[in-house]
Amino acid sequence: MPSIRLLTPRLANQIAAGEVVERPASVVKELVENALDAGAGRIDIEIEQGGVKLIRIRDDGSGIDEADLPLALSRHATSKIENLDDLEAVASLGFRGEALASISSVSRLALTSRTESQEAASRVEVEGRDMDASISPAAHPVGTTVEVRDLFFNTPARRKFLRTEKTEFNHVDECVRRQALSRFDTGFTLRHNQRVVQSLRPAENPLDRERRVGSLCGQQFIDNAVVIDAEATGLKLWGWVALPTFSRSQADLQYFFVNGRVIRDRLVAHAVRQAYRDVLYNNRHPAFVLYLEVDPANVDVNVHPTKHEVRFRDGRLVHDFIFRTLHKALADVRPEDHLRGAVAQSQGRETTGMSDGYGAQVALSDVNRQPSPEPFTASPGQQPAGFSGSQRPPQHEWQARDQMAFYQSLSQGGGVDGQSAVAEAGEMAVASPTPPQGSGDEPPLGYAIAQLHGIYILAQGRQGMIVVDMHAAHERITYERMKRALEAQDLKSQPLLVPVSLAVSQKEAALAETHGEELLQLGLRVDRIGPETLAVRQMPALLRGADTEQLVRDVLSDLIENGESDRLEAVTHELLGTMACHGSVRANRQLTIPEMNTLLRDMEATERSGQCNHGRPTWTVVTLSELDKLFLRGR
Numbered sequence: 001m002p003s004i005r006l007l008t009p010r011l012a013n014q015i016a017a018g019e020v021v022e023r024p025a026s027v028v029k030e031l032v033e034n035a036l037d038a039g040a041g042r043i044d045i046e047i048e049q050g051g052v053k054l055i056r057i058r059d060d061g062s063g064i065d066e067a068d069l070p071l072a073l074s075r076h077a078t079s080k081i082e083n084l085d086d087l088e089a090v091a092s093l094g095f096r097g098e099a100l101a102s103i104s105s106v107s108r109l110a111l112t113s114r115t116e117s118q119e120a121a122s123r124v125e126v127e128g129r130d131m132d133a134s135i136s137p138a139a140h141p142v143g144t145t146v147e148v149r150d151l152f153f154n155t156p157a158r159r160k161f162l163r164t165e166k167t168e169f170n171h172v173d174e175c176v177r178r179q180a181l182s183r184f185d186t187g188f189t190l191r192h193n194q195r196v197v198q199s200l201r202p203a204e205n206p207l208d209r210e211r212r213v214g215s216l217c218g219q220q221f222i223d224n225a226v227v228i229d230a231e232a233t234g235l236k237l238w239g240w241v242a243l244p245t246f247s248r249s250q251a252d253l254q255y256f257f258v259n260g261r262v263i264r265d266r267l268v269a270h271a272v273r274q275a276y277r278d279v280l281y282n283n284r285h286p287a288f289v290l291y292l293e294v295d296p297a298n299v300d301v302n303v304h305p306t307k308h309e310v311r312f313r314d315g316r317l318v319h320d321f322i323f324r325t326l327h328k329a330l331a332d333v334r335p336e337d338h339l340r341g342a343v344a345q346s347q348g349r350e351t352t353g354m355s356d357g358y359g360a361q362v363a364l365s366d367v368n369r370q371p372s373p374e375p376f377t378a379s380p381g382q383q384p385a386g387f388s389g390s391q392r393p394p395q396h397e398w399q400a401r402d403q404m405a406f407y408q409s410l411s412q413g414g415g416v417d418g419q420s421a422v423a424e425a426g427e428m429a430v431a432s433p434t435p436p437q438g439s440g441d442e443p444p445l446g447y448a449i450a451q452l453h454g455i456y457i458l459a460q461g462r463q464g465m466i467v468v469d470m471h472a473a474h475e476r477i478t479y480e481r482m483k484r485a486l487e488a489q490d491l492k493s494q495p496l497l498v499p500v501s502l503a504v505s506q507k508e509a510a511l512a513e514t515h516g517e518e519l520l521q522l523g524l525r526v527d528r529i530g531p532e533t534l535a536v537r538q539m540p541a542l543l544r545g546a547d548t549e550q551l552v553r554d555v556l557s558d559l560i561e562n563g564e565s566d567r568l569e570a571v572t573h574e575l576l577g578t579m580a581c582h583g584s585v586r587a588n589r590q591l592t593i594p595e596m597n598t599l600l601r602d603m604e605a606t607e608r609s610g611q612c613n614h615g616r617p618t619w620t621v622v623t624l625s626e627l628d629k630l631f632l633r634g635r
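For the sequence shown, UniProt numbering assigns the number 1 to the initial residue and increments by one for each residue that follows.
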């Protein structure tokens, strides 16, 4: 066996660079974070050949003293932490003291800096096998400029793994986009091969922030976004989440920041997916820009050298806070929120926004959402069967034991124009009249004027023509009512005549034993009868036909990965969604105008009415401006 020997400083730095410096974008990230930690109000980034030939980053921060310049390029040298207490409550973006040393070991690096107390700037350069730093005087304003040339010139094996110039610059552009979204108070300029790609001035107020988000994420995102602003004990969540109708085929518009640091976290991703669970179409991804503010002592950022991952002290608290905040925000979305984005897009910005000089547009989404207007309510005794407008049926009529009867009633011909569980309970319904046209308090979805092929409802609103898929809309209304009924009476359990025995790992068995009380609250009783054996003795009554073994294994898998499980709720809601789908009004059912109007009013009063249970849209709008374009009006 070879003898043990100490690695040279250069080789040690190059090994560390393998973790920190993956590509040019990694260099940009580390240097921009240093500039932000120095209090920069303006950061200029210049790139050549995708960052392989040159990366120059200039800031107007506090600068580095001449005496500290050689030390700044040394490994494990930092001004941001001093002892273990500082490490346990890191408030800065950088703290490891590895970035400059790692970068200088795989490139030709020059750093020029001046502090406010110095009359002249100093320049330090590192190049060569021994990485000796040479210092010389230079001309430079207060702040710092870092030049990184010929990246990986001395490690050709690493350079072979770089992609094309366009691909590498796209990664740099994405890195700058994240940093610009993390710090609204800082201006950014990005140039590639002498061409300006991004130019962002500091955003000091909410409107400027929306402009920056619109510039970086697309104006359509802002037009279709719901503003989030919520606080709990020691936690604050704010930002923007897109409406479900603005979902994406890829998870390429998801930005989450913890105390100004962009992160990728499975716990956060799970909370967001759970909030969007029954409003997204198959394999679609939500879009969001969210900021979580938490006490630095309650989050550990010293998890990975790239600092993209964090670990929360109380992960369950953070998960529940994110989920409940987003879930409530999406539930409060009403048709007028969808209309705002649709109208903004159709009018093409030229009449709805003004340029801020940086290519962004004034956002149309209000910073503080106004409460939804009260929907039109038909007079008592004039509600069609199956719909109740803003007047919800008495709770006892929607107990879980009546769900199957309600489903059977609808599938046998009940629904909008037939008898339903509500009518059977004693509320005989007569079609409600259509409110007068042109009234000042016109509801968001307008008033029905016709039915198309027995499938779609055509309504007239002040924005134009609204087309509603009546089956999808009725499906969502029924589904939400069934969920409310289930929540009101809690989840009833049913003992199994023959307990189901499961062979599991010791970790899974211990987990089931530890979370026994929580599982029981969900209607699931699981006992540990051996080191690697579980017995399922009780199941939710509504899920008596489900695969018991697979369900329990899925629940345990969720507990291992996320610390909690919503599997039972998801399966229950999936069953209710199926019942609602099969029980909703079908195609070729002829509705009267008052019945259509009552359906529209119920949509305006129902949570998440913009999508059916499967995530498909329930309605869309064709604006007057779009109709004018079709017929060349005003040309």
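Each residue gets a CB set at the ideal place from its N, CA and C atoms; glycine is no exception.
C-alpha gap between residue i and residue j, whole angstroms
i: D602; j: V622; result: 21 Å
i: V333; j: L11; result: 56 Å
i: D337; j: D441; result: 17 Å
i: L632; j: A570; result: 49 Å
i: N588; j: W619; result: 18 Å
i: D65; j: V90; result: 23 Å
i: E147; j: T8; result: 25 Å
i: H515; j: R528; result: 11 Å
i: S74; j: E30; result: 15 Å
i: E210; j: I222; result: 7 Å
i: I449; j: R484; result: 31 Å
i: G415; j: Q550; result: Model confidence at G415 stands at a pLDDT of 42, short of 50, so the residue's coordinates are unreliable and nothing is read from them.
i: G624; j: P617; result: Position check: residue 624 holds Leu in this sequence, whereas Gly was assumed. So the alpha carbons of these two residues sit roughly 21 Å apart.
i: K80; j: L87; result: 9 Å
i: L410; j: E475; result: Any reading at L410 is ruled out, since the residue's pLDDT is 42, under 50, leaving its predicted position unreliable.
i: R114; j: R248; result: 46 Å
i: V213; j: V197; result: 16 Å
Residues near residue i by beta carbon distance below 8 Å, same chain, minus five either side
i: G187; result: G41, R42, I43, L200, R201, P202
i: I4; result: none
i: P296; result: A89, V90, A91, N259
i: R261; result: L93, S182, V301, K307, V310
C-beta atoms of residue i and residue j nearer than 8 Å
i: L93; j: L36; result: yes
i: V303; j: V310; result: yes
i: A25; j: C217; result: no
i: R149; j: S107; result: yes
i: A510; j: L534; result: no
i: residue 640; j: V241; result: Past the boundaries of the shown model lies residue 640; the chain is included only from 1 to 635, so the question cannot be answered.
i: L445; j: L600; result: yes
i: G634; j: N282; result: no
i: R611; j: P244; result: This sequence places Gln at residue 611; Arg is not what is there. Yes. Within cutoff.
i: V20; j: E98; result: yes
i: Q451; j: L627; result: no
i: A251; j: H319; result: no
i: E517; j: L556; result: no
i: V301; j: K307; result: yes
i: V279; j: L339; result: no
i: R195; j: E46; result: no
Residue of the options minimising C-alpha distance to residue i
i: H453; options: H308, M465, D469, G634; result: D469
i: V268; options: L326, P9, E442; result: L326
i: V552; options: L520, C581, P531, G530; result: L520
i: I560; options: S505, A541, Y291; result: S505
i: L477; options: A605, Q550, A450; result: First, the residue type needs correcting, since residue 477 is Ile and not Leu in the sequence shown. Among A605, Q550, A450, the Cα nearest to that of I477 belongs to A605.
i: S62; options: F321, A138, A38; result: A38
i: R277; options: S215, R608, L630; result: R608
i: M596; options: I466, R284, L624, R481; result: I466
i: D314; options: L235, Y255, Q460; result: L235
Cβ neighbours of residue i in the same chain (closer than 6 Å, five flanking residues each side left out)
i: G18; result: none
i: Q538; result: S493, P495, R525
i: T189; result: D44, S199
i: A230; result: L237, T325
i: L290; result: G239, F256
i: N34; result: G94
Cβ-based burial, residue i [other Cβ within 10 Å; buried from 16]
i: E487; result: exposed
i: S102; result: buried
i: G143; result: buried
i: T78; result: buried
i: F323; result: buried
i: S501; result: exposed
Close beta carbons around residue i, own chain, < 7 Å, minus the five adjacent residues each side
i: Q460; result: G446, Y447, I449
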